Structure formats: C-alpha cells, structure tokens
Amino acid sequence: MIEDSPFVAAAPVLVPMPAERPYTYAVPAGMRVVPGSIVRVPLGPRQVAGIVWDGAVEQVDARKLRPIEQVFDCPPIDRAMRRFVDWVAQYTLSPPGMVARMLLRAPEAFDPEPWIEGLQRTLLVPDRMTDARARVLETAEGGLAWTRSGLAHAAGVSATVIEGLKAQGVFETVMIPPRPVVAAPDPSYAVPELMPDQNEAASMLRANVAAGEFNVALLDGVTGSGKTEVYFEAVAAALEQGSQVLILLPEIALTHAFLERFQQRFGAKPGEWHSDLPPRMREKVWRQVAEGGVRVVAGARSALFLPFRELGLIVVDEEHDPAYKQEDRVFYNARDMAVVRGHIGGFPVVLASATPSVESRVNASQGRYARAVLSARFAEAALPDLKSIDMRRAPPARGGFLSPVLIDHMRRTLEKKEQSLLFLNRRGYAPLTLCRVCGHRFGCPVCSAWLVEHRFRGQLVCHHCGHNERRPEACPECGTLDHLVACGPGVERIAEEVVTHFPDARTIVLSSDIMGGVRRLRLELEAIANGEADIVIGTQLVAKGHNFPNMTLVGVVDADLGLANGDPRAAERTFQLLSQVTGRAGRTGKKSLGLLQTFQPDHPVMRAIVSGDAESFYQREISERERAALPPFGRLAGVIVSAVTRAEAEGHARGLRRAAPEASDLFVLGPAEAPLSLLGGRHRFRLLIQGERRADMQGFIRAMLANGPKQRGSVRVQVDIDPQSFL
DNA sequence: AGCACGCCGACT
DNA sequence: GTCGGCGTGCTC
Numbered sequence: 001m002i003e004d005s006p007f008v009a010a011a012p013v014l015v016p017m018p019a020e021r022p023y024t025y026a027v028p029a030g031m032r033v034v035p036g037s038i039v040r041v042p043l044g045p046r047q048v049a050g051i052v053w054d055g056a057v058e059q060v061d062a063r064k065l066r067p068i069e070q071v072f073d074c075p076p077i078d079r080a081m082r083r084f085v086d087w088v089a090q091y092t093l094s095p096p097g098m099v100a101r102m103l104l105r106a107p108e109a110f111d112p113e114p115w116i117e118g119l120q121r122t123l124l125v126p127d128r129m130t131d132a133r134a135r136v137l138e139t140a141e142g143g144l145a146w147t148r149s150g151l152a153h154a155a156g157v158s159a160t161v162i163e164g165l166k167a168q169g170v171f172e173t174v175m176i177p178p179r180p181v182v183a184a185p186d187p188s189y190a191v192p193e194l195m196p197d198q199n200e201a202a203s204m205l206r207a208n209v210a211a212g213e214f215n216v217a218l219l220d221g222v223t224g225s226g227k228t229e230v231y232f233e234a235v236a237a238a239l240e241q242g243s244q245v246l247i248l249l250p251e252i253a254l255t256h257a258f259l260e261r262f263q264q265r266f267g268a269k270p271g272e273w274h275s276d277l278p279p280r281m282r283e284k285v286w287r288q289v290a291e292g293g294v295r296v297v298a299g300a301r302s303a304l305f306l307p308f309r310e311l312g313l314i315v316v317d318e319e320h321d322p323a324y325k326q327e328d329r330v331f332y333n334a335r336d337m338a339v340v341r342g343h344i345g346g347f348p349v350v351l352a353s354a355t356p357s358v359e360s361r362v363n364a365s366q367g368r369y370a371r372a373v374l375s376a377r378f379a380e381a382a383l384p385d386l387k388s389i390d391m392r393r394a395p396p397a398r399g400g401f402l403s404p405v406l407i408d409h410m411r412r413t414l415e416k417k418e419q420s421l422l423f424l425n426r427r428g429y430a431p432l433t434l435c436r437v438c439g440h441r442f443g444c445p446v447c448s449a450w451l452v453e454h455r456f457r458g459q460l461v462c463h464h465c466g467h468n469e470r471r472p473e474a475c476p477e478c479g480t481l482d483h484l485v486a487c488g489p490g491v492e493r494i495a496e497e498v499v500t501h502f503p504d505a506r507t508i509v510l511s512s513d514i515m516g517g518v519r520r521l522r523l524e525l526e527a528i529a530n531g532e533a534d535i536v537i538g539t540q541l542v543a544k545g546h547n548f549p550n551m552t553l554v555g556v557v558d559a560d561l562g563l564a565n566g567d568p569r570a571a572e573r574t575f576q577l578l579s580q581v582t583g584r585a586g587r588t589g590k591k592s593l594g595l596l597q598t599f600q601p602d603h604p605v606m607r608a609i610v611s612g613d614a615e616s617f618y619q620r621e622i623s624e625r626e627r628a629a630l631p632p633f634g635r636l637a638g639v640i641v642s643a644v645t646r647a648e649a650e651g652h653a654r655g656l657r658r659a660a661p662e663a664s665d666l667f668v669l670g671p672a673e674a675p676l677s678l679l680g681g682r683h684r685f686r687l688l689i690q691g692e693r694r695a696d697m698q699g700f701i702r703a704m705l706a707n708g709p710k711q712r713g714s715v716r717v718q719v720d721i722d723p724q725s726f727l
C-alpha cells in the first residue's frame, strides 16, 4: 500500500466540525504530511486537530489559505479507517467532518506519551548498609528499572531511603517507557473444554478468522448456552495470527463481569473504551491502540472509531441491542457499521445474540451471513418455567397493579427464602398526573410529553427532555386543592404496593435515576446477588447480563408495555426484552418461574415467550415485515424533523410527497406512536420514507431538506436500513 | 460543533 | 447607561 504522497504545498484536511468536504491548508516548507497524518490547524479563532485527507486539494482563495501548524508525532490514520469515515458519512448523510470528529476524541493522545523517570542500579555500593537499604538492593536485584515510588513500596521503605541511595550514585536515573494500560492477552492461557455444539460453532469461527477475509457469522444461542466462550475462540484465533480485536458491548459501564471473564480466559484484561473512562485513561488507551500495544478492546459503540493499526476481528455482542444506535449528531447503528468496517478492512465480523435482530436473521437465512446455532440442550435445566397471567381473568385489587396470582407466587418465593424480581420498564411513580376536578393533564412545557411523577423527589419530570418542576398542591388550571390524581404505574408505585403486601420483606427499587451513578448501581447489583434483598423492582437495567443466583421468580408487571407504540419493531423489541428479563430467573438449578402480566395472552410475543418457540415468532415477524415492506425488506429511512405539532409534520410530509410523488409510502408517526428512543432531546415527529433503492431515498431526503423547515439544522436524518445491501 | 457578532429586556 | 439572552453566520 502506498501511504506516501509526494510533497505538496497544500493539503486537504478534514476538521472536526460539520464540514461537507476537507478544507485546504498550506503545508509550510520542510513539513512532511501524508494522508492520515493528524495535524494541528487554525480554524477560525481556535486551533483544532484535523486529519490530512485523500484526494486533490480544492482551489481556494489564497487569502483564506492558512498553514498547518504542526504534524503530531502519532501514527497516521490508515487508509481503511479513512475509507470507513467517508463511507459512514455518505451512508448516514452526515458531514464527513462530524464523522472525523468521532475519531479525534482524545486530544491529548496525539502527542506521544511521556516517558517516565525510573531508577536503575549502578555498580556502586552504598557507604553504609542498613536494613532498609538492604531490602531496597534486594528488591532491585534483577537490574530492571523501577519507579521511585514503586521501588519504595515494593521494598517497604520510605522514599527518603531511595533518595539517599540515589544521592550516593547507587541508583541512576533512566527514562522508561509508559506502562501499558493492559497486559498482553494470551490466547492459550485457559483453553476451555467446550460442549460438542460449542465446539462446532467455535471451529466455524476459527475457520472464518483463518480465511483472513471479510465474512460475517451470526452466533445465535439462548442464555446459558455459552456464546461468550465460543466467540472467545474466534478472539484467540485472531490473536494467534497477530491481529487486534474489537469486542463491542452495548453498555460497557455495567459489564464488570465481562472483563473478569475475559481475564479468566486470556490471563489479562482487555482495553476498555466507553464514555465514562477518565480522560487520562482515555488518552492512554487511544494511543496504545494506535501503536498496537493494546491487542483487544472491549468497548461501547464509539470504540468503532478507535485508530486500530492491525484490526482483524470485530465481535458485536448482544447485536440486537438498541443501545448500538447513536441518535445524535451522526446517526448510526454500530452493529451495521461494524459489518462495514469488516468489509473495508477485509476481516471477519461475529454478531452474537440470544435473540438476534430480524435483520440479522434474514441476512443469515439468505446466506449473506453464516449462522451458528447453540442449542439450549445444556441450558435447559436452568431455564425458568414461563406463564402468562391473563389480567382480564385475574385483575389486580382496586388501585393496585399486581395480580393476586403474582402476589401469591411472591409470597411462596419469600417463604422459600428466595428472591423475586418485578420488572416494569417505567421509571418514577406515575406516568401521568391529572386533576380530578377539571381534567387538566400535566404536560411538559418544552416538548409536550406527559410529565412523570417522581414521588420520592416530590417532582414532575419530563423523561424526554429532562424538564422538571415541583409537584404542586393545587391544579394550575382550576386552582382546586388536593385533587390531583396519579394515573398508571411506575417502579416507585409498584414498590409502594409491594410494601403494603409484604411489609417485612427487604424491597429495593433499581432504576437509572438512583443517586450515586454507575458505581452505586454496581454495588446495589452486587448486594442483590449476595442475597441482601428479597424483592427487587426494576426497570430494564436489571435485564442486562447480571446473575442473581437466588432469583427464582420474575414477574413482568406490564408485559404489553411497548407493544402499542406504532414502532415497526415493537413486537421484536418486546420479545427481546422479555426474553432477557425472564432469563434473570433460573440461573441456579433451582426450580424457577417467570410470570407475564398481560391483557393479550394470545399475542404472538406472549405465545413465543411462554412456549419458548422463538423460531415461529421470527418466521411470523419476517413475513409480516416482508408483506409491509418494512426493514430489512423495504428500504426504510426515517427523517426526524423538529416539528412540534402533528400539523407541522404533516406539512413536511405533503411537501415531500409533492417533491417526490413516487414515494407512495410515507408515514408520519406522532408523539404517542413514535418510539421515544429514536427521538432526540426535543419532542420530534418521525417521518418514515420508503423507496426501493438507496438513490431514491437520498433523493427524497434531499427534497425534504430543500422543502423542509426553513430553520437550518432542524432536520436530522436517520437511515435505518441494513447496510449489507450497499456493500 | 464552537465562537463571534448583533440586537432587545432587567439591573449590579 | 451596562450585562446577557440566544438568533444568524462563518470557519480553509
């Protein structure tokens, strides 16, 4: 590969802002840059880091031209990564500069890590020997360099002793390279004994890695079937052939357990990458990934934009997880972009999930992806019994939300001294508050969603934009005192109900708004795993990969929640979430039970969960999508506009229909139906546009941009299609 | 995305 | 009379 370019007097530089194309900068005499060089350039009043890009420079007014200030002493971004940036920009219809910005997010890492001062034994001996000095000399015997504090600590002496020895010339100062953030993983550290079907899947993945070319495998195995062990074999194979590996995880901040597991297999932790990483660590990881010191990264979606130099495998764990979607600035799905990255880099990608997305299932069944299925055979003993509770036949007591059937099972579980989990995917106390006298409903003044009551905090909170206000005593509309009524349940309200039934049980509520952040959450989860709670009431964060060995009952308070929101993926998402939640019970070998409270026990999702027949559910879902030409069959794109009213959104839709009459299928989803997860901070409507070819779609979107709202920057685009068809 | 410029309300 | 809100425009 030719990375060198002839010396040029001007160079295209991609700067980290919404620039549609690289800007042109002068290259001062004597400065040498190549495509991929990271450079410091003036931009308006400030200095920014940019990347020297490919292609010819654009002719630009000589008065505008400013010089590159500095070329960072940093490995250049390789050609594959540059092509990836262009591809992502083109596919997501975002400015390339914004994509480049995602890979320039460790500003201090562009300068080499400073070497640190170390001490090394000389041939001199100290004038007098003391116990402390003897210990120091013994510790430093091997001739290796030590840091001063490290040596003092290891020898159990104070730094003064070391200083004394150094002053006598017994130690001399040497510069030592910065410590690696993680030790090298060893592929043969603890090779596991695999079950026969695991073995078969692992050989397939190993063969994919050995082939050394782009391919995608969908690793499909129910909870407890040992997926992780299987893809670790692919990781081992990639390490053996000298490649770097990226493992994407949907929410790394809570996956402490994963890092431990990795260490048990490979004898060292993987490099970690996520938004909570302290800045200092961030820089080290970025730099060491670029230099090749870090061989494996476990990271959140943003890790896709790390500057790997020898990337040879990407594993996307829980590939169906919606957390892979980035929904601001550059809209992308990291699972899809991982496939693209593999295609560009010419290496394999593994998608793993117990409940694969419909897109990936279809790609597998059409032969674009290989599929490895791990049967439930070895996990079966650990799977809970699943039943639905028909809420029409077994309704809750007046004012309550828990069916007597569920309460009864909770009582029995308590008597056996085992744990129960109640799952409700709704934070706070009640999702809607209204005045019993005049019917006034509390809406968010900013974005028009209903305000959720948080009783512990005494506040009404908008879950959409974060707006909050004190819960008043009187109705702001009619002024009547004490007639405000809470409608519907949130986890806080369920906790209240639980306490009335089981006043002596240790009850805990887990939701993302607990105080103390991730650390506190991790402690709470540990406490629960240690049996320090009898009843846990939680939102979806309890569904993620945590093991509670004594949890034998899972009750889903409102299994229908999320089915009626008009999202084409509602059924799929609900199935995935319920599978995951009910999987929290029964990791014990004890007899365990999952109960779904539902008004629609015959709904395909409930039937699939209760019967365990995922295959027919997926078949049904696939043919439904095909019939309605929804993804992955229809070429569906969503345009998100900051329309606050339905009328406004309809107006945009009309403009678009005029501009592109062939776009016969165009949906406008209002606030009630639109999946909130897809919408940004402000309350927005979503338009879904279909077209047969990507070119059509882009045409529609351009028309939208041209005919759409006048305000600049108010149109955001989400291209929500499987990129496989565009590779 | 930042950051400056610019034009209208409450105030040390 | 100023300080400061965010609307508009520009960055090689």
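For the first sequence, UniProt numbering puts the final residue at 727, and the numbers step up evenly by one. C-beta atoms are modelled at their ideal positions from N, C-alpha and C, and glycine is treated no differently. Predicted model only: the values in this text are computed from it and were never measured.
I'd like the span of the beta strand (DSSP E) that includes H153, first residue to last.
Position 153 of the first sequence holds residue 153. That residue, H153, is in no beta strand (DSSP E); its alpha helix (DSSP H) goes 148 to 155.
Under 8 Å by Cβ, that's how I've got F110 and I51 pegged, so tell me the actual separation to the nearest angstrom.
For this step, residue 110 is matched to residue 110 along the first sequence. For this step, residue 51 is matched to residue 51 along the first sequence. Not quite, the Cβ-Cβ distance comes to about 10 Å (not below 8 Å), so this is no contact.
Under 8 Å, do F296 and P278 count as touching if we go by C-beta distance?
Position 296 of the first sequence, counted from the first residue, corresponds to residue 296. Position 278 of the first sequence, counted from the first residue, corresponds to residue 278. The sequence shown places Val at residue 296, rather than the Phe named in the question. No. Outside cutoff.
Jot down the residue ranges of each uninterrupted beta strand (DSSP E) in the segment 34 to 84, minimum 3 residues, whole runs only, in chain order.
38 to 43, 46 to 52
Going along the chain, which residues of its own chain have a beta-carbon closer than 6 Å to the beta-carbon of V99, five neighbours each way excluded?
In the first sequence, counting from the first residue as 1, residue 99 sits at position 99. Cβ within range, chain order: V85, V88, A89, V330.
Per DSSP, which residues does D120 bridge with? Please list them.
Here residue 120 refers to the residue found at position 120 when the first sequence is read from its first residue. Here residue 120 turns out to be Gln, not Asp, going by the sequence shown. Beta-bridge pairing links Q120 to E172.
Can you tell me where the beta strand (DSSP E) holding L593 begins and where it ends?
By one-based count along the first sequence, residue 593 stands at place 593. 593 to 598 is the extent of the beta strand (DSSP E) around L593.
Would you kindly check if the distance between the Cβ of A290 and the Cβ of P75 is under 8 Å?
Indexing the first sequence from 1 puts residue 75 at position 75. Indexing the first sequence from 1 puts residue 290 at position 290. Going by C-beta atoms, P75 is nearer than 8 Å to A290.
So is Q597 buried or exposed if we call it buried at 16+ other beta carbons inside 10 Å?
Here residue 597 refers to the residue found at position 597 of the first sequence. Answer is buried; the Cβ neighbour count reaches 16.
Could you pull out every residue in the same chain whose Cβ sits closer than 7 Å to the Cβ of D482, ignoring the five residues on either side in sequence?
Translated into positions along the first sequence, residue 482 becomes position 482. The residues are E473.
Return the first residue and the last residue of the beta strand (DSSP E) that Q244 is part of.
As a position in the first sequence, residue 244 is number 244, starting the count at 1. Unbroken beta strand (DSSP E) run through Q244: 244 to 248.
Short Cβ contact (8 Å threshold) for Q47 with E20
Taking the first sequence and counting its residues from 1, one reaches residue 47 at position 47. Taking the first sequence and counting its residues from 1, one reaches residue 20 at position 20. Cβ atoms of Q47 and E20: not closer than 8 Å.
Taking the beta carbon of V294 as the centre, do at least 16 other beta carbons fall within 10 Å, making it buried, or is it exposed?
Translated into positions along the first sequence, residue 294 becomes position 294. The residue in question, V294, is buried, as its Cβ has 16 or more Cβ neighbours within 10 Å.
Pick helix, strand or coil for W450, following the three-state DSSP scheme.
In the first sequence, residue 450 corresponds to position 450, counting from 1. Strand at W450.
Is L311 near the ligand ADP, going by C-beta to nearest heavy atom under 7 Å?
Summarising the ligand content, the structure contains no ligands, and the ligand ADP is consequently not present.
Is the separation between the beta-carbon of L383 and that of D197 shorter than 8 Å?
On the first sequence, residue 383 is found 383 positions in, with the first residue counted as 1. On the first sequence, residue 197 is found 197 positions in, with the first residue counted as 1. For L383 and D197, no; Cβs fall outside 8 Å.
Assuming V362 and P632 are in contact, meaning their beta carbons sit under 8 Å apart, how far apart are those beta carbons, in whole angstroms?
Counted from its first residue, the first sequence places residue 362 at position 362. Counted from its first residue, the first sequence places residue 632 at position 632. With a Cβ gap of about 5 Å, V362 and P632 count as contacting.
Test item: CB-CB of G154 and T139 under 8 Å
Here residue 154 refers to the residue found at position 154 when the first sequence is read from its first residue. Here residue 139 refers to the residue found at position 139 when the first sequence is read from its first residue. Here the sequence assigns Ala to residue 154, which means Gly is not the residue at that position. Going by C-beta atoms, A154 is nearer than 8 Å to T139.
Grouping DSSP H, G and I as helix and E and B as strand, with all else coil, what is D390?
For this step, residue 390 is matched to residue 390 along the first sequence. Strand at D390.
Pull the bridge partners of E141 from the DSSP assignment, please.
Numbered from 1 along the first sequence, position 141 holds the residue referred to as residue 141. BP columns for E141 are empty, so no partner.
Only counting the same chain, and skipping five residues up and downstream in sequence, which positions put a Cβ closer than 6 Å to that of G458?
Your numbering for residue 458 matches position 458 in the first sequence. Same-chain partners within the cutoff: R471.
May I ask which residues mark the beginning and end of the alpha helix (DSSP H) holding D336?
In the first sequence, the residue the question calls residue 336 occupies position 336. Unbroken alpha helix (DSSP H) run through D336: 334 to 345.
When the Cα atoms are used, what is the spatial distance from H463 to Q120?
Along the first sequence, read from residue 1 onward, the residue named residue 463 stands at position 463. Along the first sequence, read from residue 1 onward, the residue named residue 120 stands at position 120. C-alpha separation (whole angstroms): 58 Å.
Span separating the alpha-carbon of Y23 from that of V15:
Counted from its first residue, the first sequence places residue 23 at position 23. Counted from its first residue, the first sequence places residue 15 at position 15. Their Cα atoms are separated by approximately 7 Å.
Indicate the three-state DSSP secondary structure (helix, strand or coil) for A167 in the structure shown.
Counting from 1 along the first sequence, the entry for residue 167 is found at position 167. Here A167 sits in helix by DSSP.
Which partner residues of A612 appear in the DSSP bridge assignment?
Here residue 612 refers to the residue found at position 612 when the first sequence is read from its first residue. Going by the sequence as given, residue 612 is Gly instead of Ala. G612 is not bridged to any residue.
For D385, which residues from the same chain have a beta carbon less than 6 Å from its beta carbon, with the 5 sequence-adjacent residues on both sides left out?
Within the first sequence, residue 385 is the residue found at index 385, counting from 1. Cβ neighbours of D385 beyond the five flanking positions: L593.
Roughly how many angstroms lie between the CA atoms of R684 and W450, to the nearest whole one?
Mapped onto the first sequence, residue 684 falls at position 684. Mapped onto the first sequence, residue 450 falls at position 450. The predicted position of R684 is uncertain, since its pLDDT is 44 and thus under 50; a value taken from the coordinates is nonetheless stated next. If I take the Cα positions, the gap works out to 14 Å.
Between the segment 388 to 403 and the segment 233 to 250, do three or more beta carbon pairs fall short of 8 Å?
no
Sort L406, A152, N425 by Cα distance to S512 and report the nearest one.
As a position in the first sequence, residue 512 is number 512, starting the count at 1. Ranking the options by Cα distance to S512, first place goes to N425.
Compare the beta carbon distance of E492 and R455 with 8 Å and say whether it is the shorter of the two.
Numbered from its first residue, the first sequence carries residue 492 at position 492. Numbered from its first residue, the first sequence carries residue 455 at position 455. Going by C-beta atoms, E492 is nearer than 8 Å to R455.
Distance between I508 and A430 (C-alpha atoms, nearest Å):
Within the first sequence, numbered from 1, the residue matching residue 430 stands at position 430. Within the first sequence, numbered from 1, the residue matching residue 508 stands at position 508. Going by the C-alpha atoms only, they are around 18 Å apart.
Rounded to whole angstroms, what's the CA-CA distance from L43 to R287? Just pull it up for me.
Residue mapping note: residue 43 aligns to position 43 of the first sequence, counting from 1. Residue mapping note: residue 287 aligns to position 287 of the first sequence, counting from 1. Going from the Cα of L43 to the Cα of R287 covers about 24 Å.
Euclidean distance between Cα positions of G583 and I176
Residue 583 sits at position 583 when you count from the first residue of the first sequence. Residue 176 sits at position 176 when you count from the first residue of the first sequence. Distance between the alpha carbons of G583 and I176 is about 49 Å.
What is the residue span of the beta strand (DSSP E) that D220 lies within?
By 1-based counting over the first sequence, the position of residue 220 is 220. Here the beta strand (DSSP E) through D220 covers 215 to 221.
Element boundaries [beta strand (DSSP E), containing E272]:
On the first sequence, residue 272 is found 272 positions in, with the first residue counted as 1. Segment 271 to 273, the beta strand (DSSP E) holding E272.
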